[in-house]
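Visitor:
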Amino acid sequence: TGNNLDGSAVGKSGHAYGKRSALCLETQHFPDSPNHPNFPSTILRPGTTFESRTVFGFSVTR
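Numbering of the sequence shown is given in my numbering, commencing with residue 3 and proceeding in unit increments.
This is the structure in structure tokens:
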């Protein structure tokens, strides 16, 4: 969410990024999954492989 941005990060056209001016799309496990036994496990054991693919689709209507 960019909650920790303080305006010191500068982007395109000199725009300073302040608090809540960003969005982070992270491909991880379900939120709070270690506390829900019915969710997939977050444990990666030695010798096993983790693979994930996430596809985001965006569109704009004018």
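Beta carbons: idealized from backbone N, C-alpha and C, even for Gly.
1) Quick check: Pro33 and Thr44, are their CB atoms within less than 8 Å of each other?
2) Determine the contact status of Arg22 and Gly49, defining contact as a CB-CB distance below 8 Å.
3) Less than 8 Å between the beta carbons of His31 and Pro39, yes or no?
4) Which residue's Cα is closest to the Cα of Asn6: Cys26, Arg47, Lys14?
Guide: In short:
1) In the sequence shown, residue 33 corresponds to position 31, counting from 1. In the sequence shown, residue 44 corresponds to position 42, counting from 1. Taking C-beta atoms as the reference points, Pro33 and Thr44 fail to come closer than 8 Å.
2) As a first step, residue 22 is located in the sequence shown; it is residue number 20 there, counting from the start. As a first step, residue 49 is located in the sequence shown; it is residue number 47 there, counting from the start. Gly49 sits away from Arg22, with the two beta carbons spaced by 8 Å or more.
3) Taking the sequence shown and counting its residues from 1, the one referred to as residue 31 is at position 29. Taking the sequence shown and counting its residues from 1, the one referred to as residue 39 is at position 37. No. Outside cutoff.
4) Against the sequence shown, residue 6 aligns to sequence position 4. Of Cys26, Arg47, Lys14, the residue nearest in Cα terms is Cys26.
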